[in-house]
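A.B. asks:
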Amino acid sequence: MPAQRAATFTESVIREMTRVAAQYGAINLAQGFPDFPMPAPMKEAACAAINGDINQYAVTWGAPALRVAIAEKYHRWYDMTVDPDRELTVTCGATEAMAAVFLALIDPGDEVIVFEPFYENYGPDAILAGAKPVFVPLEWPDWRFDPDRLRAAFSNKTKAIVINTPHNPTGKVFNREELNLIAELCQQHDVWAITDEIYEHIRYHGSHHVLATFPGMRERTITISGLSKTFSCTGWRLGFAIAPPRESVAIRKVHDFLTVGAPAPLQQAAAVGMAFDVEYYNHMAQDYLRRRDRLCAPLAEAGFKFTPPDGAYYVLADYSAFSDRGDTEFAMWLTREAGIATVPGSSFHSPGATVPRYIRFVFCKKDDTLDAAAERLLKLPALA
Ligand code: GLN
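Be aware that the sequence shown starts at 99, since it is given in my numbering, and climbs by one per residue.
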């Protein structure tokens with residue numbers, strides 16, 4: 099029999115829907131990965147690193163060149179000073195960073211506050227650490243949260259709160275006022291803030307605020323981000339965690355015994371990307387705005403209800419105009435009959451939660467892919 103801890107969470111529905119998409123030959127608007135190429139200079143740098151024989155283990159907590167490049171970027175963008183030698187751990191994706199941070203900082207029985215809906219990893223991360231997730235709803239359709247519910251979620255067992263901004267799956271970008279309240283509560287209750295800022299550069303509205311730069315937060319915030327979304331290289335598996343020195347020691351130990359380290363040649367190439375100038379980011383944001391509108395227009399025209407996202411590359415859309423099926427059944431039907439794979443909304447909720455009738459679409463796709471999806475979406479009203 100497998101261990102109990104593995105029995106208490108399910109396989110990733112996001113990745114399952116990718117397999118289902120392949121099975122039915124559907125357009126994959128389920129898993130958030132770009133179907134367009136990553137930046138050429140980074141690909142060239144990766145090939146050069148491999149040909150230059152950088153193929154053995156890097157330093158466990160990250161190749162020096164990459165850690166320095168990350169620290170410089172945080173200084174340039176956020177005026178945040180990061181010591182690359184003592185405060186930075188490079189991991190195999192933000193996913194490993196989050197799991198390693200949970201294992202390094204959270205004890206069995208601790209409570210961790212998570213906004214719901216949530217990116218599906220945080221549930222299993224909490225279970226693996228033996229923690230109890232405590233959920234605070236982001237309310238449909240504009241994804242605000244009730245400050246009193248957040249206050250009430252803090253208890254003497256609370257060890258951490260996870261803040262994902264821009265937010266997957268809702269597209270919410272937490273504003274300064276919301277983050278101020280979170281900062282105040284973290285300080286009042288002596289709680290860690292663990293941020294997931296992987297979509298920091300993919301925004302259509304509002305600024306990205308780095309919680310670690312708020313007064314009193316640097317010493318109690320673990321900032322997690324990565325390369326996957328910013329440089330369209332989800333398969334490279336490169337992420338990082340920025341934490342105070344003492345906590346970084348703990349995170350580095352967990353990371354070391356989980357994976358030893360992230361791929362050495364790709365870390366060299368990642369340093370090249372980290373040094374890109376502001377032009378790169380401006381272009382990327384504009385391209386994503388175009389993609390967002392290219393998906394949102396046909397979604398609205400077909401009859402889905404949703405709030406256009408302020409950031410990230412997902413739309414959580416209500417399908418009750420077409421069907422009163424449950425979300426998993428509807429997502430399967432949509433894949434089979436309409437040739438569009440999505441993720442059922444329940445994958446972003448706690449087990450047993452009452453989930454609105456919504457499914458998640460991604461739009462990190464080429465124009466051709468989005469246009470083909472639009473054609474299928476516009477036929478939906480006749481199909482349903
Ligand atoms: N973050 C992406 C998503 O939400 C990819 C998830 C994954 O498969 N790692 O779809």
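Even for Gly, the Cβ is constructed at its ideal location relative to N, Cα and C.
#1: Just to check, is the beta-carbon of N126 closer than 7 Å to a non-hydrogen atom of the ligand GLN?
#2: Taking C-alpha atoms, which residue in A400, A341, A367 and F329 lies nearest to Y379?
#3: Mark P182 as exposed unless 16 or more other C-beta atoms lie within 10 angstroms of its C-beta, in which case mark it buried.
#4: Between the region 290-306 and the region 255-270, are three or more C-beta pairs nearer than 8 Å?
#5: Using only the alpha-carbon positions, how far apart do A143 and A156 sit?
#6: Figure out for me which residue from I280, T433 and M382 has the closest Cα to the Cα of P137.
#7: In its own chain, which residues sit with a C-beta less than 6 Å from the C-beta of I152, not counting the 5 before and 5 after it?
#8: Checking 8 Å against the spacing of the C-beta atoms, do G304 and D408 come in under that value?
#9: Where DSSP assigns a beta bridge to D416, which residues make up the other side?
#10: Go to L201, then tell me how far its alpha helix (DSSP H) extends in each direction, as first and last residue.
#11: Quick one: what's got a C-beta closer than 6 Å to D444's C-beta in the same chain, skipping five residues either side?
#12: Rounding to the nearest angstrom, what Cα-Cα distance links A258 and N149 in this structure?
#13: Can you tell me whether P132 is buried or exposed, with buried defined as 16 or more other CB within 10 angstroms of its CB?
#14: Here's a check: name, in chain order, each residue in its chain whose Cβ is nearer than 6 Å to the Cβ of Q285, leaving out the five neighbours to either side.
#15: Please report the distance separating the alpha-carbon of M430 from that of A120.
#16: Can you tell me which of the three DSSP states I300 falls into?
#17: Going by the CB atoms, is the gap between V441 and Y411 shorter than 8 Å?
#18: Should T108 go down as buried or exposed, given a rule of 16 or more other Cβ atoms within 10 Å for buried?
#19: Tell me whether the beta-carbon of A198 lies closer than 8 Å to the beta-carbon of H353.
#20: Under 7 Å: does the beta carbon of N153 sit that close to some heavy atom of the ligand GLN?
#21: Look at L283 and F252 and say whether their C-beta atoms are less than 8 Å apart.
#22: Spatial neighbours of R335 within its chain, please: C-beta separation below 6 Å, excluding the five flanking residues on both sides.
#23: So the candidates are A368, Y417 and G359; which of them puts its Cα closest to the Cα of M140?
#24: Mind checking who W290 pairs with in its DSSP beta bridge?
#25: Under 7 Å: does the beta carbon of N262 sit that close to some heavy atom of the ligand GLN?
#26: Would the C-beta of G359 count as close to the ligand GLN, meaning under 7 Å from any of its heavy atoms?
#27: Report whether the distance from the Cβ of R117 to the nearest heavy atom of the ligand MN is below 7 Å.
#28: Hey, A291 and R318: beta-carbon distance below 8 Å or not?
#29: Round the Cβ separation of P231 and Y220 to the nearest angstrom and send it over; I've been treating them as touching at under 8 Å.
#30: Nearest by alpha-carbon distance to T256: which of A227, R274, A281 and I211 is it?
#31: Following a CB-centred definition, is I112 positioned closer than 7 Å to any heavy atom of the ligand GLN?
#32: Excluding the five sequence neighbours on either side, which residues of its own chain have a C-beta within less than 7 Å of the C-beta of F134, listed in chain order?
#33: Quick one: using the 10 Å Cβ neighbour count with 16 as the cut-off for buried, is G207 buried or exposed?
#34: Within its chain, find whatever has a CB closer than 7 Å to the CB of E435; leave out the 5 residues flanking it on each side and keep chain order.
#35: Check T116 in the structure and name its three-state DSSP category.
#36: Which class does G221 belong to by DSSP, given the choice of helix, strand or coil?
C.D. replies: Taking the geometry as given:
#1: Taking the first residue of the sequence shown as 1, we reach residue 126 at position 28. Checking every heavy atom of the ligand GLN against the Cβ of N126, none is found closer than 7 Å.
#2: Reading the sequence shown from its first residue, position 281 is the one you call residue 379. Closest option to Y379, Cα to Cα, is F329.
#3: Walking along the sequence shown from the start, residue 182 turns up at place 84. Label assigned to P182: buried.
#4: yes
#5: As a first step, residue 143 must be located in the sequence shown, where it is residue number 45. As a first step, residue 156 must be located in the sequence shown, where it is residue number 58. C-alpha separation (whole angstroms): 16 Å.
#6: Looking up residue 137 in the sequence shown gives position 39. The candidate whose alpha carbon is nearest that of P137 is M382.
#7: Stepping through the sequence shown from its first residue, residue 152 is reached at position 54. If we look at I152 and ignore the five residues flanking it on each side, its Cβ neighbours are A362, P363 and Q366.
#8: Working through the sequence shown from its first residue, we reach residue 304 at position 206. Working through the sequence shown from its first residue, we reach residue 408 at position 310. Going by C-beta atoms, G304 is nearer than 8 Å to D408.
#9: Translated into positions along the sequence shown, residue 416 becomes position 318. DSSP, once it has assigned bridges, lists K403 and Y456 as partnering D416.
#10: Here residue 201 corresponds to residue number 103 of the sequence shown, with the count starting at 1. Unbroken alpha helix (DSSP H) run through L201: G191 to L203.
#11: Counted from its first residue, the sequence shown places residue 444 at position 346. Here residue 444 is Ser; the residue named in the question, Asp, does not match the sequence. Once the five neighbours on either side are set aside, the close Cβ partners of S444 are D425 and V453.
#12: Here the question's residue 258 lines up with position 160 in the sequence shown. Here the question's residue 149 lines up with position 51 in the sequence shown. Their backbone Cα atoms lie some 43 Å apart in a straight line.
#13: For the purposes of this step, residue 132 is identified with residue 34 of the sequence shown, where counting begins at 1. P132 is buried by the Cβ-count criterion.
#14: Stepping through the sequence shown from its first residue, residue 285 is reached at position 187. So the qualifying residues of the chain are G314.
#15: Reading the sequence shown from its first residue, position 332 is the one you call residue 430. Reading the sequence shown from its first residue, position 22 is the one you call residue 120. Those two C-alpha atoms are separated by around 13 Å.
#16: As a working note, residue 300 is residue 202 in the sequence shown. Correct three-state label for I300: coil.
#17: In the sequence shown, the residue the question calls residue 411 occupies position 313. In the sequence shown, the residue the question calls residue 441 occupies position 343. Annotated as distal: Y411 and V441, with beta-carbon spacing of 8 Å or more.
#18: The residue labelled residue 108 in the question sits at position 10 within the sequence shown. T108 should be labelled exposed.
#19: As a first step, residue 198 is located in the sequence shown; it is residue number 100 there, counting from the start. As a first step, residue 353 is located in the sequence shown; it is residue number 255 there, counting from the start. Yes; because the gap between Cβ atoms is below 8 Å, this pair is in contact.
#20: Translated into positions along the sequence shown, residue 153 becomes position 55. Outside the cutoff, so no.
#21: Here residue 283 refers to the residue found at position 185 of the sequence shown. Here residue 252 refers to the residue found at position 154 of the sequence shown. Yes, Cβ-Cβ distance for L283 and F252 is below 8 Å.
#22: In the sequence shown, residue 335 corresponds to position 237, counting from 1. Excluding positions up to five away in sequence, the list reads C190 and G191.
#23: What you label residue 140 is simply residue 42 of the sequence shown in a count that begins at 1. Among A368, Y417 and G359, the Cα nearest to that of M140 is on A368.
#24: Walking along the sequence shown from the start, residue 290 turns up at place 192. According to DSSP, which records beta bridges pairwise, W290 is partnered with A258.
#25: The sequence position of residue 262 within the sequence shown is 164, counting from 1. No - the ligand GLN has no heavy atom lying nearer than 7 Å to the Cβ of N262.
#26: What you label residue 359 is simply residue 261 of the sequence shown in a count that begins at 1. Not so, every heavy atom of the ligand GLN lies at least 7 Å from the Cβ.
#27: Summarising the ligand content, the structure contains the ligand GLN and does not contain the ligand MN.
#28: Residue mapping note: residue 291 aligns to position 193 of the sequence shown, counting from 1. Residue mapping note: residue 318 aligns to position 220 of the sequence shown, counting from 1. Cβ distance < 8 Å, so A291 and R318 count as in contact.
#29: The residue given as residue 231 occupies position 133 in the sequence shown. The residue given as residue 220 occupies position 122 in the sequence shown. Their Cβ separation, rounded to whole angstroms, is 7 Å, which keeps P231 and Y220 in contact under 8 Å.
#30: Working through the sequence shown from its first residue, we reach residue 256 at position 158. If we check each option's Cα against that of T256, I211 comes out closest.
#31: Position 14 of the sequence shown holds residue 112. Within the cutoff, so yes.
#32: Counted from its first residue, the sequence shown places residue 134 at position 36. Once the five neighbours on either side are set aside, the close Cβ partners of F134 are S330 and K464.
#33: Taking the first residue of the sequence shown as 1, we reach residue 207 at position 109. The residue in question, G207, is exposed, as its Cβ has fewer than 16 Cβ neighbours within 10 Å.
#34: By 1-based counting over the sequence shown, the position of residue 435 is 337. Excluding residues within five positions, the ones whose Cβ falls inside 7 Å are L481.
#35: Numbered from 1 along the sequence shown, position 18 holds the residue referred to as residue 116. Note: T116 maps to helix in three-state DSSP.
#36: On the sequence shown, position 123 is the one that residue 221 refers to. If DSSP states are grouped into helix, strand and coil, G221 belongs with the helices.
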